[in-house]
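Protein chains in written order, with this note's numbering: chain A, 459 to 745; chain B, -10 to 429.
Cβ atoms here follow ideal geometry from the backbone N, Cα and C, with glycine treated the same way.
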Amino acid sequence: MSAVLQQAEKAGKGMLKGAIRIEDVVKIYDPDGAAVMAVDHCSLDIPAGEICMIVGPSGCGKTTLLNAIAGFHSITSGKIFLDDELLCGPGKPMAQPGSDRIVVFQNGALFPWKSNLDNVAFGLMMQGKLGKKEIYDKARSMMADAGLSGTEHNFPGEVSSGLRRRVEIVRALMNEPKVLLFDEPYRALDSLTKSVMHEALLEIYYKNKVTIFFITHDLEEAIFLGHRLVIMTSRPCKPKKIIDVDIPHPRDYSVLTSTRYRQLMDETVELVHEEAKKAFSAGEKEG
Amino acid sequence: MEIDQTVALLKRSMPFQTVPNDVLEAIARLARYESYARGDVIYHQGDFADDVYIVSSGAVQHTLGIGFQAIHPEKILHSGDVFGWAAVLENQRSRLAKTVCLERTELIRINGEELINLFKASPETGDIVMSRFATMINKEYTLPEEMAGHVPHFTQVPVTVATGLTLTMFRLSQWLKSPKPYLMLTGFGILLATWYLAVEIWKLPRFADMPGLTEVVKEWFSKDPIYGLSIYTPEYYQHIWVSVRRILIAFFLATALGVPLGLFLGWSKTFREYVFPVFETLRPIPILAWVPLAILMFQGSETPVIFLTFLASFYATALNTMLGVETIDESYSRAAACLGASKWQTFKEVIVPGAMPFIFTGLQISIGVAWFSLVAGEMVSGEFGLGYVINTSYTMVRYPTIVIGMVTLGIVGYVSSALVRMAGDYMMQWRVRELALGGR
Chain A
459 MSAVLQQAEK AGKGMLKGAI RIEDVVKIYD PDGAAVMAVD HCSLDIPAGE
509 ICMIVGPSGC GKTTLLNAIA GFHSITSGKI FLDDELLCGP GKPMAQPGSD
559 RIVVFQNGAL FPWKSNLDNV AFGLMMQGKL GKKEIYDKAR SMMADAGLSG
609 TEHNFPGEVS SGLRRRVEIV RALMNEPKVL LFDEPYRALD SLTKSVMHEA
659 LLEIYYKNKV TIFFITHDLE EAIFLGHRLV IMTSRPCKPK KIIDVDIPHP
709 RDYSVLTSTR YRQLMDETVE LVHEEAKKAF SAGEKEG
Chain B
-10 MEIDQTVALL KRSMPFQTVP NDVLEAIARL ARYESYARGD VIYHQGDFAD
40 DVYIVSSGAV QHTLGIGFQA IHPEKILHSG DVFGWAAVLE NQRSRLAKTV
90 CLERTELIRI NGEELINLFK ASPETGDIVM SRFATMINKE YTLPEEMAGH
140 VPHFTQVPVT VATGLTLTMF RLSQWLKSPK PYLMLTGFGI LLATWYLAVE
190 IWKLPRFADM PGLTEVVKEW FSKDPIYGLS IYTPEYYQHI WVSVRRILIA
240 FFLATALGVP LGLFLGWSKT FREYVFPVFE TLRPIPILAW VPLAILMFQG
290 SETPVIFLTF LASFYATALN TMLGVETIDE SYSRAAACLG ASKWQTFKEV
340 IVPGAMPFIF TGLQISIGVA WFSLVAGEMV SGEFGLGYVI NTSYTMVRYP
390 TIVIGMVTLG IVGYVSSALV RMAGDYMMQW RVRELALGGR
């Protein structure tokens, strides 16, 4: 466990929640009788409060794993636990989607017909746990904390894509999830916006310690954000190598010029490139 | 640049548009002309704001710094656009943005303090210009209102941020200055001229029996029409009302039944397995083929016509609604599930609003085909209505009345689909604003 997490626990914030344990998960797709193995006996332990970066070539099956945790897809065999509670496993092939694990989608999934504020309030309104006024007060203050005041009454389509992503993360955090599942959320952003988004994400993370399961194929992003990198093999997907990023948090963009960052980049780039080549020659469809 | 050229440029810019000529000339005398090359930076964020700029030609990229909560941090400015308004703000005399020329750009710059001094001499004009500045900052740059609150004012009346009305009026005047309305009028002109020339002047062979333009217009606006139908006769409005009433009933029924059916067809796979094949078999049958059955099924002359009108609308509405549900991005339902929405909540909050753009496309088509089948129905059975007018005028050799009926159908049909479009825009503000940003 990294130093930051230990500090957070010492600071008396209580036991962190949101540990994910993936045990021997296999996923076989069976379109038209031709079995395709997307995930091959994958095991992975993610401690609570960790930022775990899943790195692999496009189409390697990373998203399949994320969908299994979120409860969008079934698994063929194996088990997935969240804080020792079985999400899916034998006899329960598909997890129930819930507000303890919230996905931030690749292309963004803010409802374009709701204002940013209504989007942020959506989860709690649906769950009906609090009164409307309390929910909207909380939504406003969370938006203000994330530097989003002034955009409450705009529709998502009216604000920049970087802002939209921030609103989406705030929408997820409103529900106090244990885990945030990111599915290459910054893929479509330009590199300048991306760097701003990374710092903003870390800032949000330092305030709300949640477990982050973050899929990417961008090594720079992976090393900058993550406590650990899990480098995946090309399809079928399973961890090829796990690398600890021993750069202390809190981090900012000066990390990118540090020697340690360069060393890590050198260590990982070859590994990732190898898998990308395999995926390329196998002609994997991106996605 | 000559003074009058500068005045012309000022008149094209939003803040200075309504300023009287003598004041404009005084402002023009303050203006200095400058030209920049591609890539030149006019000013950086944080620089002292001295001048206001107006683009004469070229393009300038205006990028607001982070932290101003602008909704569109970037803007491209073209001829007639004003920027650098920090120079006229009170207590905010540093640049909020960086501006870079994207191509060779010519512009005029006016010193902010000199401009304000000039307005002190003519405070009324000054307040108008400044309130327009405030509107622009607020609406065009979508900065918070407090930023516009720094705009100085000169008269005793407290300054208010001008409403969207000013901007709407400005856009209207811009539209009138653009070629669009004149092109539109030209289009109508060509149509009418061709008709007039073909029938009345050249008397082309195929057009010999056609009613001419002047004949139709005379008849239409005559207090004592030869064939008994003009804008002064109550029968005219009775026919319109009968047709409109049929459309209203049929369109209302088609929407009330077609939208829910389409939503469930798209939402439930099982439901679709039952219903869709039947639906797809009945749909290609032309409306006219239903006429005999409609007459057999329903009594009188009114219900068969309404039934035929309903049928065509119903298919269009249901089918488009179903397509709408099918095209909703799966991420939306998944996000709703993640956020703890139940199946019914997802249907209400995601499926229905998500399908809305397609539903309204369906309704647009629906109202169009409703008029189509209404006229077909009225020609076959019915005692009133515009279709009936056209058909009986033919058999009774009242040719100008045919054209009156046709043109009236065109106008009423256009108004009805415009109303549907307006209803759609009203219900889908999110989409209107999104499309507006795309420049569509």
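Discussion item. Can you tell me whether CYS327(B) is helix, strand or coil according to DSSP?
Written reply: helix
Worksheet item: For ARG84(B), does the three-state DSSP call read helix, strand or coil?
Response: coil
Discussion item. Can you list, in chain order, the residues of its chain with a C-beta nearer than 6 Å to that of GLN(-6)(B)? Leave out the 5 residues immediately preceding and following it.
Written reply: none
Discussion item. Tell me the DSSP secondary structure of THR149(B) in three-state form.
Written reply: Low confidence applies to THR149(B): its pLDDT is 48, below 50, so where it sits in the model is not reliable enough to give any reading.
Worksheet entry | Minimum C-alpha distance to ILE662(A) - residue among LEU647(A), ARG624(A), SER649(A) | ARG624(A)
Discussion item. The beta strand (DSSP E) that contains LEU647(A), what's its start and end?
Written reply: Looking at the DSSP string, LEU647(A) is not in any beta strand (DSSP E), and its letter there is neither H nor E.
Item to complete: Specify, as a first and last residue, the run of the beta strand (DSSP E) that GLY357(B) falls within.
Response: Element bounds for GLY357(B): not the beta strand (DSSP E) but the alpha helix (DSSP H), 341 to 369.
Item to complete: Identify, in the order they occur along the chain, each residue of the same chain with its Cβ nearer than 6 Å to the Cβ of SER24(B), setting aside the five sequence neighbours on each side.
Response: GLU95
Item to complete: For the alpha helix (DSSP H) holding PRO697(A), just list the boundary residues, first then last.
Response: Counting along the chain, PRO697(A) falls outside any alpha helix (DSSP H), though it belongs to the beta strand (DSSP E) covering 697 to 702.
Discussion item. For PRO389(B) and TYR415(B), what's the separation of their Cα atoms in angstroms?
Written reply: 39 Å
Worksheet item: With respect to the beta strand (DSSP E) encompassing PHE240(B), which residues constitute its N-terminal and C-terminal limits?
Response: No beta strand (DSSP E) holds PHE240(B); the alpha helix (DSSP H) holding it covers 223 to 256.
Worksheet entry | From GLY608(A), ASN633(A), PHE738(A), PRO551(A), residue whose alpha carbon lies closest to that of ALA324(B) | ASN633(A)
Practice prompt. Taking ARG27(B) and ILE(-8)(B) to be in contact with their CB atoms under 8 Å, please state how far apart those CB atoms are, rounded to whole angstroms.
Written response: Not really, about 28 Å apart at Cβ, beyond 8 Å.
Worksheet item: From the beta carbon of THR7(B), is the nearest beta carbon of chain A less than 8 Å away?
Response: no
Worksheet item: Between GLN353(B) and VAL409(B), what straight-line distance do the alpha-carbon atoms span, to the nearest angstrom?
Response: 6 Å
Worksheet item: Can you list, in chain order, the residues of its chain whose CB lies under 8 Å from that of GLY217(B), leaving out five sequence neighbours each side?
Response: GLU224, ARG387, THR390
Practice prompt. Go to GLY413(B), then tell me how far its alpha helix (DSSP H) extends in each direction, as first and last residue.
Written response: 388 to 416
Item to complete: Could you have a look at ALA604(A) and say whether DSSP puts it in helix, strand or coil?
Response: coil
Practice prompt. Give the residues of chain B in contact with PHE580(A), contact being defined as C-beta atoms less than 7 Å apart.
Written response: LEU328
Worksheet item: Looking at the C-beta of TYR321(B), does it have a partner C-beta in chain A at a distance below 8 Å?
Response: yes
Worksheet item: Roughly how many whole angstroms lie between the Cα atoms of VAL703(A) and LEU687(A)?
Response: 7 Å
Discussion item. For ILE727(A), tell me which candidate among LYS699(A), PRO708(A), THR534(A), SER739(A) has the shortest Cα-Cα distance.
Written reply: Ile is not the amino acid found at residue 727(A); the sequence shown has Val there. Considering only alpha carbons, the answer is LYS699(A).
Discussion item. Please list, in chain order, the residues of the stretch 410 to 423 of chain B that have any C-beta partner in chain A closer than 9 Å.
Written reply: MET417, GLN418, TRP419, ARG420, ARG422, GLU423
Discussion item. Among the candidates PRO570(A), MET495(A), GLU543(A), whose CA atom is the shortest distance from the CA of GLY343(B)?
Written reply: PRO570(A)
Worksheet entry | Span separating the alpha-carbon of TYR304(B) from that of PRO249(B) | 12 Å
Item to complete: Please confirm if GLN334(B) has its CB atom under 8 Å from at least one CB of chain A.
Response: yes
Worksheet item: Given a threshold of 16 other Cβ atoms within 10 Å of its Cβ, counted over all protein chains shown, does GLU592(A) qualify as buried or as exposed?
Response: exposed
Practice prompt. Grab me the residues of TRP419(B)'s own chain with a C-beta within less than 7 Å of its C-beta, minus the 5 sequence neighbours each way, in chain order.
Written response: none
Worksheet item: Between which two residues does the beta strand (DSSP E) harbouring HIS731(A) extend?
Response: Careful: HIS731(A) lies outside any beta strand (DSSP E), inside the alpha helix (DSSP H) at 717 to 740.
Discussion item. Check for me: the alpha helix (DSSP H) holding ALA305(B) runs from which residue to which?
Written reply: 291 to 316
Practice prompt. In angstroms with no decimal places, state the Cα-to-Cα distance between THR292(B) and LEU282(B).
Written response: 12 Å
Discussion item. Within 10 Å of its beta-carbon, does ILE97(B) have 16 or more other beta-carbons around it, so buried, or fewer, so exposed?
Written reply: buried
Practice prompt. Within the same chain, show all residues whose beta-carbon is closer than 8 Å to that of LEU575(A), passing over the 5 residues directly before and after it, in chain order.
Written response: TYR594, ALA597, ARG598, MET601, GLU610, HIS611
Fill in: Rounded Cβ spacing between LEU254(B) and PHE265(B) (contact assumed at less than 8 Å)
6 Å
Fill in: Where THR114(B) falls, given that 16 or more other Cβ within 10 Å makes a residue buried
buried
Fill in: Proximal residues, the stretch 579 to 606 of chain A versus chain B, C-beta separation under 7 Å
PHE580, GLY581, MET584, GLN585
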